[in-house]
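Undergrad: Please find one structure pasted underneath; my questions will follow.
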Amino acid sequence: MLFFISPFLVSFASLPFSMIVEMQRFDYSQLNIIGRLLNLLIFFVLVLSLSQFSNQINMLLVFKWYKIGIFILLLTALWHALSLYTGLVSWPFETRSNLHSAYGNTYSFTDRVTGIAREPSFFVMYVVDFIALAFIFFSGLKRNAAIIFACFIMLLSLSPSGYIVLIMCFCLSYFFTKMSTLSFSGLCKLAALFCFFVFFTFFVLGSNNPFFEYIINRVINVDASSSSRLSMLLGPFEWVKDSSLISFVFGHGLKSFAIVGTNYVLPSGEAVHVTSNNMYVDVFWEAGVLGLLLMLLYFLFIFVKIFSVKQSQQQQFVTFFVFFDLVLSAVFRADYASLRFFLMLYLLFLLLNYDIGLGKVKSARSSV
Numbered sequence: 003m004l005f006f007i008s009p010f011l012v013s014f015a016s017l018p019f020s021m022i023v024e025m026q027r028f029d030y031s032q033l034n035i036i037g038r039l040l041n042l043l044i045f046f047v048l049v050l051s052l053s054q055f056s057n058q059i060n061m062l063l064v065f066k067w068y069k070i071g072i073f074i075l076l077l078t079a080l081w082h083a084l085s086l087y088t089g090l091v092s093w094p095f096e097t098r099s100n101l102h103s104a105y106g107n108t109y110s111f112t113d114r115v116t117g118i119a120r121e122p123s124f125f126v127m128y129v130v131d132f133i134a135l136a137f138i139f140f141s142g143l144k145r146n147a148a149i150i151f152a153c154f155i156m157l158l159s160l161s162p163s164g165y166i167v168l169i170m171c172f173c174l175s176y177f178f179t180k181m182s183t184l185s186f187s188g189l190c191k192l193a194a195l196f197c198f199f200v201f202f203t204f205f206v207l208g209s210n211n212p213f214f215e216y217i218i219n220r221v222i223n224v225d226a227s228s229s230s231r232l233s234m235l236l237g238p239f240e241w242v243k244d245s246s247l248i249s250f251v252f253g254h255g256l257k258s259f260a261i262v263g264t265n266y267v268l269p270s271g272e273a274v275h276v277t278s279n280n281m282y283v284d285v286f287w288e289a290g291v292l293g294l295l296l297m298l299l300y301f302l303f304i305f306v307k308i309f310s311v312k313q314s315q316q317q318q319f320v321t322f323f324v325f326f327d328l329v330l331s332a333v334f335r336a337d338y339a340s341l342r343f344f345l346m347l348y349l350l351f352l353l354l355n356y357d358i359g360l361g362k363v364k365s366a367r368s369s370v
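What follows is the structure, given as structure tokens:
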């Protein structure tokens, strides 16, 4: 865990230097790092406490409650969907559910399901977490029902980022789990799976279905002048050219992305957002090349270590699934200082170091 927060230690250490060498470019007087520091400190201590005081029996207790919490979120999403598509119930909460980035096209659907999470890209990451937890706590019909329900709700979110993360989690986890014990039948299954996705891709590209059209347009649009999200991803690599060597190597300081808007604007004319919504881009800007390298090395270390999971093939699959959930969701949400991210990191630690009994029928895990 200390390895994971090392980029943030770099960004914290570089902040005083950046405030001096970059003070002509950015208004550091507007920077408030207290919230970020408290989040990192509290969640770090929480995970250490859970690791220290949990035992073999109750080490998954916090994730049972997390699973219940996400299930309640999914129920609010179902409520939201019933309100949008049937009008039988009313939805009293304000959300960012309006369809955007349609690029001038008109669709019969105009809203996205978010539940009380408000933001679709934020909501779908919890859905992927729920599916990961379903592999741990459910088995048989209950597990299948939970995963199908979660996938159905995610479908209604109209969030390409959620679709990409979920599909990649399933595919990559299956591939790397089977890779270590690949047989001829397993190779045939992988080939069949690959052929299916090739066929499905051509089907989607050749389809005139408005749903597929909207998703494809969201994914393939690469015009930074019309996409603020893409501008936020590419901008830091242009802006850093004006930075000092110290800032390039060690970053511009903790949470410094929040004040980039004091000097730069997006092509649309609006101020730069307080985050790129990409953990790797944020870390590159705030902790420099050194911080980004440390984070990538951390994830590489975890990835290699997963191959040593020998408890069961199912546990190795779930470990890969949680790993790719974190790595891929970070491409679309820079919530690395959130409770959700730290909890999933702790779950990854448990899966790597303990036999949690996956593949064994336990009645305690079949209850919600």
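When you read off a place in the sequence shown, starting at 1, and then add 2, the result is the number in the working numbering. We put the beta carbon where it would ideally sit given N, CA and C, even for glycine. Remember, it's a predicted structure, so these values are computed and weren't measured experimentally.
#1: Which same chain residues end up closer than 8 Å to ILE248 when comparing Cβ atoms and leaving out the 5 residues on each side of it in sequence?
#2: Short of 6 Å in beta carbon distance, which residues of its chain neighbour ARG367, apart from the five on each side in sequence? Order them along the chain.
#3: Name the DSSP bridge partner or partners of VAL267?
#4: Cα separation between ALA136 and ILE304?
#5: Suppose the cutoff is 8 Å on Cβ atoms and the five residues either side in sequence are ignored; what does the same chain contact list for LEU296 look like?
#6: Less than 8 Å between the beta carbons of VAL320 and LEU353, yes or no?
#7: Going by beta carbon distance, what residues of the same chain come within less than 8 Å of LEU42, once the five residues before and after it are set aside?
#8: Does the Cβ of PRO122 have 16 or more other Cβ atoms within 10 Å, making it buried, or fewer, making it exposed?
#9: Just to confirm before moving on: does the CB-CB distance between LEU40 and PHE151 stay below 8 Å?
#10: Quick one, are the C-beta atoms of ALA134 and VAL262 less than 8 Å apart?
#11: Would you mind working out which of TYR266, VAL267, ALA260 and THR264 sits nearest ASN279, comparing C-alpha positions?
#12: Quick check on DSSP: helix, strand or coil for ASP113?
#13: Considering only their Cβ atoms, is the gap separating CYS171 from ASP337 smaller than 8 Å?
#14: What first and last residue would you give for the alpha helix (DSSP H) that runs through ASN41?
#15: Mind reading off the beta-carbon distance from VAL2 to ILE155? Whole number of angstroms is fine, and I expect it under 8 Å.
#16: How is THR179 classed by DSSP in three states: helix, strand or coil?
#17: Taking the beta carbon of LEU143 as the centre, do at least 16 other beta carbons fall within 10 Å, making it buried, or is it exposed?
#18: Kindly give me the distance between the Cβ atoms of VAL267 and VAL274, rounded to whole angstroms, as I take these residues to be in contact under 8 Å.
#19: Considering Cα atoms alone, identify which of PHE28, PRO94 and SER187 is closest to GLY117.
#20: Pull up the CB-CB distance for PHE55 and ASN265, whole angstroms please, since I reckon it's below 8 Å.
#21: Alpha carbons only, please: which of ILE222, LEU330 and GLY359 is nearest the one belonging to ILE127?
#22: Taking only the alpha-carbon atoms, compute the straight-line gap between ALA332 and VAL130 and give it to the nearest angstrom.
#23: Quick one: grab the DSSP three-state call for LEU232.
#24: Short of 6 Å in beta carbon distance, which residues of its chain neighbour ARG120, apart from the five on each side in sequence? Order them along the chain.
#25: Is ALA152 helix, strand or coil by DSSP?
#26: If we call anything under 8 Å between Cβ atoms a contact, is ASP244 one with GLN313?
#27: Return the chain-ordered list of same chain residues with a C-beta closer than 6 Å to the C-beta of MET281, the five sequence neighbours on each side being excluded.
#28: Given LEU90, which residues of its chain have a CB within under 8 Å of its CB, disregarding the five upstream and five downstream residues?
#29: Buried or exposed for ALA147, going by 16 or more other Cβ atoms inside 10 Å?
#30: Only counting the same chain, and skipping five residues up and downstream in sequence, which positions put a Cβ closer than 7 Å to that of THR78?
TA: By the coordinates alone:
#1: SER16, PHE19, SER20 and VAL23
#2: Bear in mind that the predicted position of ARG367 carries a pLDDT of just 43, short of 50, making it too unreliable to give a figure here.
#3: ALA273
#4: 22 Å
#5: PHE5, SER8, PRO9, VAL12 and ALA289
#6: yes
#7: ILE7, PHE10 and ALA339
#8: buried
#9: no
#10: no
#11: ALA260
#12: strand
#13: no
#14: 36-55
#15: Nothing about residue 2 can be read from this structure; the chain reaches only from 3 to 370.
#16: helix
#17: LEU143 counts as exposed, since fewer than 16 other C-beta atoms from the protein chains shown sit within 10 angstroms of its C-beta.
#18: 7 Å
#19: PRO94
#20: Not really, about 46 Å apart at Cβ, beyond 8 Å.
#21: A quick correction: the sequence has Met, not Ile, at residue 127. For MET127, the nearest C-alpha among the options comes from LEU330.
#22: 13 Å
#23: helix
#24: THR97 and ARG98
#25: helix
#26: It is not a contact, given that the beta carbons lie outside the stated cut-off.
#27: ALA332, ALA336 and TYR338
#28: Answer for LEU90: LEU84, listed in chain order.
#29: exposed
#30: GLY117 and ILE118
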